[in-house]
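All remarks here apply to the structure that follows.
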DNA sequence: CAGTGGTCTAGACCACCGT
DNA sequence: CGGTGGTCTAGACCACTGC
C-alpha cells in the first residue's frame, strides 16, 4: 500500500466489460463459432457468478458491436458472416434506384509481390514485406463494374496464392473459415481518378474516363488490419451509398 | 373488438421508449435547448413516475443516438451542433495524410428555383415544388476544393434566399438556430464524373477532369429530409474517408 | 407448454466533478 | 464535501419462439 496514487493503470475494468472480453475470447478461440447459440443469460450469469443484469449489459454491448445477435424467445447467437445481409455489409454499391447488385468475380491473377511502403504500412507490416496480390474484375449481369487488387500479408495468407483453385466470390467468409480472421469493420478512402491501362481495358471504358477509386483497409475486432483492397469502380450506372 | 388480428399497430411501446419520445419532444420544442443540462436521473425518474433504471435506459438510448451527452459527475447535456467536432461530423474530406481541412465558403448565387422531379422527391416534396438554391465554392488555403448546390424547401427556408446577408460557413448550425431544424444524419450517394462548365471553371480544372460527385440528403431526428446538397469535389489532393 | 430474451423495478455502492 | 452518472445486484412479470 505504499503507492499513494499514479498507479500504472490498475486495469480496473467494470465487471460487464471483463465479461464481454471473456466471452469475446471464447468466440475468437472458436469455442463459440459463428452460428452457435450461447447459453441463456441466466445460466451464463450463474457460470460467471454475476447478476443477470450485469451479464446482460455485456451481451447488449456485444450485440451493439454486431458480434452477436439477440432475439427474444430464441437466444443469443454468434453473428456469422455467411448470410447475404452481412455479405453486403461492406459492399456499398447500388443502382441509382437503390436496388442491390449481385456481382460475380473473375480472377485475373494471383501473385506474391513485394509491397510498396504505403501498402505495407496500411497493413501494419514492415516496409518491403511480402504480400499476396489477387487481381480480379467483378461483374453484374455480364457487364464489368469494378477492377480491384486485394493485398494480404503473405506470412499469414500465403495459401491464397494458389488455394483454393477457385476463389469464392465472398473472400471475407473464406478469411473467417480458413484463417480465423473475422472482418469486423473497414475504413475507406474514396477519390475520383482517370481510367488507364489494364483497368480501363477490363472495364471496357476509354482511357481517361472517370472512375471511383476506393482504398479499403479491413480490420478485425481488435482493429488489426487484415486486408487492403484497392478498387476502381465504373459509376456510370452505379453509385456508392453511405449514411451517417 | 370485431377485428381478430391485424390491429393497426396498437402503439404498445415499451416505457423506456415512451420516455425517450417524451424527452425528445421537450428537446425539439426548445424546452431543453442544445447545451442545456437535463435534471438528474433521480429527479427525472420521480417526475415521470418510473424507476431510475427505466429512465436510465431511455437516456442511454438517446446518448447512443447522439442526441445527448452524458458525463459522470457532471450530468446529461443536450448535444449542441456548434462544436467543431459536430461541425465536421458530416464533412468526410481529409488530406491523404489524414489531417482535417478548415474550408471557407464563397457564395456564388442564391435563387428561388423550380425543383426537378428528382430533387423534390429527395426532399419529400410535391413534383415541381419551389426550392431555394444556394450555389457556393468551398476553399481551403485559397485553393478551391469543391463546388456545390444546396437545395431547400422554399416554403420553409425562403428566408435564406436573401437573409442573412452573409451566410455562415456552417449552414447546419443556422438551420438549427433559425429554423429549428436539427440535422441528425445524412445519406450520401457518390459517383465519379467529368468536370464541366461553371463547375470546372470555379474549381480551376480542365473540362473532363475527374471529380467526385456527392449527392447528400440531410435528415432530422424523425428521418424527414431537410436539405439536399449536390457537390463536385476535386480529389486531386483530397480524399473522402468513411469507416464502417 | 416450457424456455428464451425484453421490460421494469428498487436499492446499494462507487467514481468522478466542482466547490 | 454533496451531487452527478456509472456499476452491480436481485427479483418480478411480459412477449416471443418452437415444440
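Residue numbers (UniProt numbering), protein chains in the order written: chain A, 1 to 244; chain B, 1 to 244.
We treat Cβ as the ideally placed atom computed from N, Cα and C, and that holds for glycine.
Enumerate in chain order the residues of its own chain whose CB-to-CB distance from residue i is below 7 Å, with the five nearest sequence positions on each side excluded.
i: residue 174/B; result: 168
i: residue 50/B; result: 15 and 19
i: residue 100/B; result: 88 and 94
i: residue 73/B; result: none
i: residue 235/B; result: 212
i: residue 32/A; result: 26, 38 and 78
How would you call residue i, buried or exposed, if buried means at least 16 neighbouring beta carbons within 10 angstroms?
i: residue 111/B; result: exposed
i: residue 194/A; result: buried
i: residue 53/B; result: exposed
i: residue 40/B; result: exposed
i: residue 126/A; result: exposed
i: residue 197/A; result: exposed
i: residue 243/B; result: exposed
i: residue 97/B; result: exposed
i: residue 104/B; result: exposed
i: residue 115/A; result: buried
i: residue 259/B; result: Lying outside 1 to 244, the shown extent of chain B, residue 259/B is not represented and no answer is given.
i: residue 176/A; result: buried
i: residue 91/B; result: exposed
i: residue 64/B; result: exposed
i: residue 222/A; result: exposed
Quick one: residues in its chain with C-beta nearer than 8 Å to the C-beta of residue i, no 5 flanking neighbours on either side, listed in chain order?
i: residue 71/B; result: 77
i: residue 154/B; result: 112, 129, 130, 131, 132 and 161
i: residue 36/B; result: 77 and 78
i: residue 13/A; result: 21
i: residue 220/A; result: 181, 182, 183, 184 and 226
i: residue 140/B; result: 101, 102, 103 and 104
i: residue 62/B; result: 20, 23, 24 and 68
i: residue 119/B; result: 131, 151 and 228
Under 6 Å Cβ to Cβ from residue i, same chain only, skipping five residues before and after it: list those, please.
i: residue 188/A; result: 214 and 216
i: residue 137/B; result: 106, 144, 147 and 202
i: residue 192/A; result: 210
i: residue 135/A; result: 108, 109 and 149
i: residue 117/B; result: 127
i: residue 190/A; result: 214
i: residue 45/A; result: 52 and 55
In angstroms with no decimal places, state the Cα-to-Cα distance between residue i and residue j.
i: residue 166/B; j: residue 108/B; result: 12 Å
i: residue 9/B; j: residue 183/A; result: For residue 9/B, the predicted structure reports a pLDDT of 39, less than 50, and the residue's modelled location is therefore unreliable. A value from the coordinates is still provided. Straight-line Cα distance between these residues: approximately 38 Å.
i: residue 230/A; j: residue 43/A; result: 46 Å
i: residue 34/A; j: residue 209/B; result: 46 Å
i: residue 24/A; j: residue 179/A; result: 17 Å
i: residue 66/B; j: residue 142/A; result: 43 Å
i: residue 123/B; j: residue 89/B; result: 21 Å
i: residue 75/A; j: residue 151/B; result: 47 Å
i: residue 94/B; j: residue 171/A; result: 29 Å
i: residue 121/B; j: residue 239/A; result: 18 Å
i: residue 207/A; j: residue 241/B; result: 26 Å
i: residue 186/A; j: residue 218/A; result: 4 Å
i: residue 59/B; j: residue 68/B; result: 8 Å
i: residue 47/B; j: residue 56/B; result: 13 Å
i: residue 200/A; j: residue 237/A; result: 16 Å
i: residue 156/B; j: residue 204/A; result: 46 Å
i: residue 38/B; j: residue 17/B; result: 18 Å
i: residue 233/A; j: residue 27/B; result: 43 Å
i: residue 80/A; j: residue 163/A; result: 23 Å
i: residue 159/A; j: residue 224/A; result: 20 Å
Taking Cβ-Cβ distances shorter than 8 Å, what residues in chain A pair up with residue i?
i: residue 185/B; result: 243 and 244
For a contact defined as C-beta to C-beta under 9 Å, what are the partners of residue i on chain A?
i: residue 193/B; result: 192, 210 and 235
i: residue 89/B; result: 244
Can you pull the chain B residues whose beta carbon is under 8 Å from the beta carbon of residue i, in chain order?
i: residue 72/A; result: Correct list: empty, because the minimum Cβ distance to chain B is about 12 Å.
i: residue 330/A; result: The structure shown does not extend to residue 330/A, since chain A spans only 1 to 244, so no value can be given for it.
Examine the ligand GTP and report whether any of its heavy atoms sits within less than 8 Å of the Cβ of residue i.
i: residue 244/A; result: This structure does not include the ligand GTP; it has no bound ligands of any sort.
- Start-end ranges of the alpha helix (DSSP H) lying completely within the segment 46-104 of chain B, minimum 4 residues: 52-65 and 84-87
- Message: Suppose only complete runs of 3+ residues qualify. What are the beta strand (DSSP E) ranges in the segment 166-224 of chain A, listed by chain order?
- Response: 185-194 and 210-219
- Task: Please go through the segment 107-166 of chain B and give each complete alpha helix (DSSP H) segment of 4 or more residues, from N-terminal end onward.
- Result: 117-122 and 154-157
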